[in-house]
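The block underneath contains the structure these notes are about, expressed in structure tokens.
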Amino acid sequence: MNLVAGACRWVVGAVFLIAGVLKAIDPAGFMRDIDGYRMVDGPLLVAVVFFVPWLEIAAGAGLVLKRPYGGAALAAIGMLVVFLFALVQAWARGLDISCGCFGSGPTVANYPWWVARDVAMLLACGACWMDSVRDFGRPA
35 MNLVAGACRW
45 VVGAVFLIAG
55 VLKAIDPAGF
65 MRDIDGYRMV
75 DGPLLVAVVF
85 FVPWLEIAAG
95 AGLVLKRPYG
105 GAALAAIGML
115 VVFLFALVQA
125 WARGLDISCG
135 CFGSGPTVAN
145 YPWWVARDVA
155 MLLACGACWM
165 DSVRDFGRPA
């Protein structure tokens, strides 16, 4: 499991780092994307736009650096659950949105791909978390 968890850690960590940086450098574009989900508005929308990218960067760095590994995996799991909920509710409502996953992008919704990708990343984060639990208490 260590080899699988190591690969998952690097891939998911890099994805979160890249996604967070792309959102952080274009907050206006990310705000448009998040607003398209029609889930939050006003001050909460602004808070999400400025908080989520930095949480993604922190979780991605934690996964890549393996410090704090378990916390980074749990943060990524939490974000992915919220992202999946947002995607599924937008899909159910028939919204034609830009995912916002990697900064502003095309507005042609590709829900099956987005959901499959997030489920795969959620499983990978689960492998990382299980690896961190198994390593808990072992010297680094």
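Under our numbering, residues 35 to 174 are what the sequence shown spells out, in order. Even glycine gets a Cβ: it sits at the ideal position worked out from N, Cα and C.
Practice prompt. Compute the Euclidean distance between the alpha carbons of Leu37 and Cys162, then round it to the nearest angstrom.
Written response: As a first step, residue 37 is located in the sequence shown; it is residue number 3 there, counting from the start. As a first step, residue 162 is located in the sequence shown; it is residue number 128 there, counting from the start. Using only the alpha carbons, I get a separation of about 10 Å.
Gly134 in three-state terms, based on DSSP
Locating residue 134 in the sequence shown gives position 100, counting from the first residue. Residue state for Gly134 is assigned as coil, using DSSP reduced to three classes.
Less than 8 Å separating the beta-carbons of Leu114 and Val149? Taking the sequence shown and counting its residues from 1, one reaches residue 114 at position 80. Taking the sequence shown and counting its residues from 1, one reaches residue 149 at position 115. Going by C-beta atoms, Leu114 is not nearer than 8 Å to Val149.
*asked:* Less than 8 Å between the beta carbons of Trp44 and Val82, yes or no?
replied: Indexing the sequence shown from 1 puts residue 44 at position 10. Indexing the sequence shown from 1 puts residue 82 at position 48. In this structure, Val82 does not lie closer than 8 Å to Trp44 by Cβ.
Residue nearest to Phe50 in terms of C-alpha spacing, selected from Tyr145, Ala106, Ser166, Phe119: Numbered from its first residue, the sequence shown carries residue 50 at position 16. Checking every option, the nearest Cα to that of Phe50 belongs to Ala106.
Among the residues of its own chain, which have a CB less than 7 Å from the CB of Ala110, if the five just before and after it don't count?
Working through the sequence shown from its first residue, we reach residue 110 at position 76. Result list for Ala110: Val46, Phe50, Ala93, Leu97, Cys159, in chain order.
Exercise for review: Would you list, in sequence order, the uninterrupted alpha helix (DSSP H) runs of no fewer than 4 residues that lie entirely inside the stretch 83 to 118?
Suggested key: The stretch 83 to 118 contains no whole alpha helix (DSSP H) run of 4 or more residues.
task = Have a look at Asp130 and Gln123 and give me their C-alpha separation to the nearest angstrom.
result = Taking the first residue of the sequence shown as 1, we reach residue 130 at position 96. Taking the first residue of the sequence shown as 1, we reach residue 123 at position 89. When rounded, the distance between both Cα atoms is 12 Å.
Distance check for Phe64 and Met73, CA to CA, integer angstroms please. Here residue 73 refers to the residue found at position 39 when the sequence shown is read from its first residue. Here residue 64 refers to the residue found at position 30 when the sequence shown is read from its first residue. Straight-line Cα distance between these residues: approximately 14 Å.
- For Met73, which three-state DSSP category applies? Numbered from its first residue, the sequence shown carries residue 73 at position 39. The answer is coil: DSSP assigns Met73 none of H, G, I, E or B.
Roughly how many angstroms separate the alpha carbons of Leu146 and Val167, rounded to a whole number?
Locating residue 146 in the sequence shown gives position 112, where the first residue counts as 1. Locating residue 167 in the sequence shown gives position 133, where the first residue counts as 1. It is worth fixing the name first, because residue 146 is Pro in this sequence and not Leu. C-alpha separation (whole angstroms): 32 Å.
**Prompt:** Going by the CB atoms, is the gap between Ile68 and Leu79 shorter than 8 Å?
**Reply:** As a position in the sequence shown, residue 79 is number 45, starting the count at 1. As a position in the sequence shown, residue 68 is number 34, starting the count at 1. Taking a C-beta distance under 8 Å as the contact criterion, Leu79 and Ile68 qualify as a contact pair.
Checklist entry - Leaving out the 5 sequence neighbours to the left and right, which residues in its chain are closer than 6 Å to Cys42 when beta-carbon positions are compared? => result Mapped onto the sequence shown, residue 42 falls at position 8. So the list reads Ala158, Ala161, Cys162, once near-sequence residues are dropped.
Inset, instruction - Report, in whole angstroms, the separation of the C-beta atoms of Ala53 and Cys135, which I expect to be a contact under 8 Å. - result: One-based indexing of the sequence shown puts residue 53 at position 19. One-based indexing of the sequence shown puts residue 135 at position 101. Sure, about 6 Å apart at Cβ, within 8 Å.
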